[in-house]
Amino acid sequence: MASYRRMFVAGGTYFLTVTLLERGSCLLVTHIDALRDAVRQTQRVRPFGIDGWVVLPDHFHCLITLPPGDDDFSNRIKAIKIRFVRQLAASEERNAVRVRKGERGIWQRRFWEHVIRDQTDFNRHLDYIHRNPLKHGLVTHVAAWPYSTFHRYLAAGVYQSDWCGVEDALRAR
4 MASYRRMFVA GGTYFLTVTL LERGSCLLVT HIDALRDAVR QTQRVRPFGI
54 DGWVVLPDHF HCLITLPPGD DDFSNRIKAI KIRFVRQLAA SEERNAVRVR
104 KGERGIWQRR FWEHVIRDQT DFNRHLDYIH RNPLKHGLVT HVAAWPYSTF
154 HRYLAAGVYQ SDWCGVEDAL RAR
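Add 3 to a position in the sequence shown, counting from 1, and you land on the number used in our numbering.
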């Protein structure tokens with residue numbers, strides 16, 4: 004098995020992808036208020052800035068910035084997962100390993116992480132986050148997806164309501 008090492012940068016900005024164990028589930032949008040509450044509770048205890056976020060039915064992507072001197076994104080994600088799960092009635096099936104470890108069968112154990120290296124990298128990942136509902140065929144235009152920070156950026160004038168991502172910029176050239 005490959006040995007994967009995460010990159011930790013104090014005060015860094017990270018692109019993260021967190022996925023449900025059951026792909027194809029609608030659990031995250033069905034229980035969006037529980038997820039939002041889990042994020043808010045975690046932010047109060049372990050502060051972080053939300054630069055971008057999109058919640059899809061079975062996974063979410065986010066861009067978060069940690070406080071100066073802090074590089075612990077892993078425990079923040081762990082806390083969000085735990086707080087979310089605790090708000091749900093136990094109804095999922097669990098395999099023997101998860102039962103033995105006392106784990107719920109909601110989340111995949113691991114998550115994807117990428118440290119943002121510069122402004123171009125940040126912009127590309129922010130655009131990816133906001134295009135994601137369109138990519139997955141959930142909407143026909145980005146502004147139609149309600150579970151996204153796209154609306155915050157739209158209100159700030161960063162995006163236009165008909166924006167759909169990097170492809171627009173490439174077509175305009």
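Each residue gets a CB set at the ideal place from its N, CA and C atoms; glycine is no exception.
Exercise for review: Ignore the nearest five residues each way along the sequence and tell me which others in GLN122's own chain have a CB closer than 7 Å to its CB.
Suggested key: none
Practice item. Tell me, to the nearest whole angstrom, how far the beta carbon of LEU66 is from that of ASP54; I am working on the premise that it is less than 8 Å. Key: 4 Å
Review point. Opposite PHE17 in the DSSP bridges: which residues?
Key: Looking at the sequence shown, residue 17 is not Phe but Tyr. Answer is ILE67, VAL118, bridged to TYR17.
Review point. Do VAL57 and PHE63 come within 8 Å of each other at the CB atom, strictly closer than that value?
Key: yes
Practice item. Return the chain-ordered list of same chain residues with a C-beta closer than 6 Å to the C-beta of ARG49, the five sequence neighbours on each side being excluded. Key: Within its own chain, the residues whose Cβ lies closer than 6 Å to the Cβ of ARG49, once the five positions on either side in sequence are excluded, are ARG79, listed in chain order.
Exercise for review: Determine which residues share a DSSP beta bridge with TRP166 and list them.
Suggested key: For TRP166, which the question treats as bridged, DSSP gives no partner whatsoever.
**Study point:** Residue from ARG112, GLY160, LEU24, CYS167 with nearest C-alpha to ASP130
**Key:** CYS167
Point to revise | Beta carbon of THR16 nearer than 8 Å to that of PHE114 | key: Not closer than 8 Å, so no.
Exercise for review: Note the first and the last residue of the continuous beta strand (DSSP E) segment covering VAL145.
Suggested key: Element bounds for VAL145: n/a, residue is neither H nor E.
Review point. In this structure, does DSSP put LEU59 in helix, strand or coil?
Key: LEU59: coil per DSSP, three-state reduction.
Check your understanding: Are the beta-carbon atoms of VAL145 and PHE153 separated by less than 8 Å?
Key -> The answer is yes: Cβ separation under 8 Å.
Check your understanding: Hey, HIS128 and SER151 are a contact pair by Cβ (cut 8 Å); roughly how many whole angstroms apart?
Key -> Going by Cβ atoms, the distance from HIS128 to SER151 rounds to 14 Å, so no, they are not a contact pair.
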